[in-house]
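Take a look at the structure below.
Number of protein chains: 4
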Amino acid sequence: MKGYSQGAQGLEELIVQLEAFVEERGRVQFNSPKNLSMALVGEVGELIEPFQWLTQEQSRHLSAETHEAVRQEIADVQIYLLLLARKLDIDLLQAARDRLQTSPR
Amino acid sequence: MKGYSQGAQGLEELIVQLEAFVEERGRVQFNSPKNLSMALVGEVGELIEPFQWLTQEQSRHLSAETHEAVRQEIADVQIYLLLLARKLDIDLLQAARDRLQTSPR
Amino acid sequence: MKGYSQGAQGLEELIVQLEAFVEERGRVQFNSPKNLSMALVGEVGELIEPFQWLTQEQSRHLSAETHEAVRQEIADVQIYLLLLARKLDIDLLQAARDRLQTSPR
Amino acid sequence: MKGYSQGAQGLEELIVQLEAFVEERGRVQFNSPKNLSMALVGEVGELIEPFQWLTQEQSRHLSAETHEAVRQEIADVQIYLLLLARKLDIDLLQAARDRLQTSPR
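Residue numbers (our numbering), protein chains in the order written: chain A, 1 to 105; chain B, 1001 to 1105; chain C, 2001 to 2105; chain D, 3001 to 3105.
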């Protein structure tokens, strides 16, 4: 899990990059939470595709090419999830932490 | 975006909590990347539901109750995304950063 | 595949029932194609859930209870797909037929 | 809703074509209900994409090009839904009919 050590700072930088990314593309006006939730679905649909014909065992040992494709799709899902959370003024990490503590066992 | 300031440390703690969470529930053996990608879809399906009959404008002004429901669903998506990334040894933040830099404008 | 023999007539009757169903619930005004595509996602999210922790082999031999739950979710997906196609004036069967003939091998 | 008049016969023919389609592609062995439910998600993800940045009003008046793209995606969803139902020995139309009659108002 190396790389996560830059997490806190990294997450804030990522959010700044995201804002620039979105504004440059002039899509700010389209970014209602409703639309972002739809975009998230599209990305998750792409993420699941590489796994659909694999056995569970095969999904544990992806080829380098498929692993990279999945890595990019996971990134897209993370980006849209951050955009959606941000739009709704939700602190993603805190929300995840709260969820783990209240989830039934 | 307060709360993100604990990001780096928070993300690592979250991952530790996630591991404990999953192990306690004895689902470790089911957590193939294939299965986790499916669980992610189920969570995104729940996340989109509160938005489906709303206008875009309404989706910007959720009731307190709906906002809290959405917050929990967003958290669930984040948790499964982290679990999936972890299973594939993918650094989520780095992947998102890389994606922003290579994405076509 | 018994039961399909009532297909042609059955499909038309189903559409009439769908119209009554939707009108009675007063949701006609919400049924934009955009919203219906979101509702479809929610239903597919529910459909995938019973399968997510199963092996492929287990998914071929569902318990009676799970089979009935899946049957209902499949029905929901079919209903929203018909509603969406109808809203867009698309003939579902013809579209599927055309797709099979033009799909690359 | 013209075109539906060939429904009953059309649906049976469609199923025969589907079998040939699947067998020719040699994917028969992969078609567990679990995998087919995943493929369905991928197709629904593609179906929702054309709608994600549109307003509801725009989604009612698609360009000819987008309408054709959506028509193909709807067809793909229908094909995988039929394949899944078939694999589970579920009569799609009957399931939809039953669902409409038992659904709460």
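All C-beta atoms, glycine included, are put in the ideal place defined by N, C-alpha and C.
Quiz item: Do you know offhand how far alanine 2069 (chain C)'s Cα is from arginine 1086 (chain B)'s?
Solution: Distance between the alpha carbons of alanine 2069 (chain C) and arginine 1086 (chain B) is about 32 Å.
Quiz item: Quick one: what's got a C-beta closer than 7 Å to phenylalanine 1051 (chain B)'s C-beta in the same chain, skipping five residues either side?
Solution: Closer than 7 Å at the Cβ level, and outside the excluded window around phenylalanine 1051 (chain B), lie Ser1059.
Quiz item: At a CB-CB cut-off below 8 Å, which residues of chain C make contact with serine 3032 (chain D)?
Solution: Contact note: serine 3032 (chain D) reaches chain C through Gln2056, Glu2057, Ser2059, Arg2060, using a C-beta cutoff of 8 Å and chain order.
Quiz prompt | alanine 2096 (chain C) - DSSP class collapsed to helix/strand/coil | solution = Three-state result, alanine 2096 (chain C): helix.
Quiz item: If contact means a Cβ-Cβ distance below 9 Å, which residues of the stretch 59-83 of chain A contact chain B?
Solution: Within the stretch 59-83 of chain A, the residues whose Cβ lies closer than 9 Å to some Cβ of chain B are Ser59, Arg60, Leu62, His67, Val70, Arg71, Gln72, Ile74, Ala75, Asp76, Val77, Gln78, Ile79, Leu81, Leu82, listed in chain order.
Quiz item: Are leucine 1082 (chain B) and alanine 64 (chain A) closer than 9 Å when you measure CB to CB?
Solution: Contact flag unset, no.
Quiz item: What in chain D is Cβ-close to valine 1041 (chain B), meaning under 7 Å?
Solution: Under the 7 Å cutoff, chain D gives Val3041.
Practice problem: If I'm right that isoleucine 15 (chain A) touches methionine 3038 (chain D) with Cβ under 8 Å, what's the distance once you round it to whole angstroms? | Solution: Not confirmed; about 31 Å, so no contact.
Exercise. Could you tell me the boundaries of the alpha helix (DSSP H) in which threonine 1066 (chain B) lies?
Key: Counting along the chain, the alpha helix (DSSP H) containing threonine 1066 (chain B) begins and ends at 1064-1087.
Quiz prompt | Host alpha helix (DSSP H) of glutamine 2056 (chain C) (start-end) | solution = First-last of the alpha helix (DSSP H) with glutamine 2056 (chain C): 2056-2060.
Quiz prompt | Chain-ordered chain D contacts of glutamate 49 (chain A) [CB-CB under 7 Å] | solution = By Cβ distance, chain D contributes Gly3042.
Quiz item: Hey, out of D:Val3077, D:Leu3093, D:Leu3088, whose CA is closest to arginine 2099 (chain C)'s CA?
Solution: For the residues D:Val3077, D:Leu3093, D:Leu3088, the minimum Cα distance to arginine 2099 (chain C) belongs to D:Val3077.
Quiz item: For phenylalanine 2021 (chain C), which of C:Tyr2080, C:Gln2101, C:Thr2102, C:Ser2032 has the nearest alpha-carbon?
Solution: Nearest option by C-alpha distance: C:Tyr2080.
Exercise. Could you check what DSSP says for asparagine 3031 (chain D) in three-state terms: helix, strand or coil?
Key: Asparagine 3031 (chain D) falls in the coil class under three-state DSSP.
Quiz item: What separation, rounded to the nearest whole angstrom, lies between the Cα atoms of alanine 1075 (chain B) and leucine 93 (chain A)?
Solution: Their backbone Cα atoms lie some 8 Å apart in a straight line.
Quiz item: Is isoleucine 3090 (chain D) helix, strand or coil by DSSP?
Solution: Residue state, collapsed to three classes: coil.
Exercise. Note down, in chain order, each residue of its chain lying with its Cβ closer than 7 Å to the Cβ of valine 3044 (chain D), except the 5 sequence neighbours on either side.
Key: Hits under 7 Å: Val3077.
Exercise. Identify which residue in C:Leu2084, C:Arg2071, C:Gln2056 has its Cα closest to the Cα of leucine 3088 (chain D).
Key: Comparing Cα-Cα distances from leucine 3088 (chain D) to each of C:Leu2084, C:Arg2071, C:Gln2056, the minimum goes to C:Arg2071.
Quiz prompt | CB contact below 9 Å: glutamate 46 (chain A) versus chain D | solution = Judged by the 9 Å Cβ criterion, glutamate 46 (chain A) is in contact with chain D.
Quiz item: Hey, does serine 1037 (chain B) have any beta-carbon neighbour from chain A nearer than 9 Å?
Solution: The Cβ of serine 1037 (chain B) sits closer than 9 Å to at least one Cβ of chain A.
Quiz item: By a C-beta neighbour count over all protein chains shown, 10 Å radius and 16 as the cutoff for buried, is glutamate 46 (chain A) buried or exposed?
Solution: Burial is judged here by how many other beta carbons sit within 10 angstroms of a residue's own beta carbon; glutamate 46 (chain A) has at least 16 and is buried.
Exercise. Spatial neighbours of threonine 55 (chain A) within its chain, please: CB distance less than 8 Å, with the 5 preceding and 5 following residues excluded, ordered by chain position.
Key: There are no such residues.
Quiz prompt | Beta-carbon spacing of serine 1032 (chain B), glutamate 73 (chain A) below 9 Å | solution = It is not a contact, given that the beta carbons lie outside the stated cut-off.
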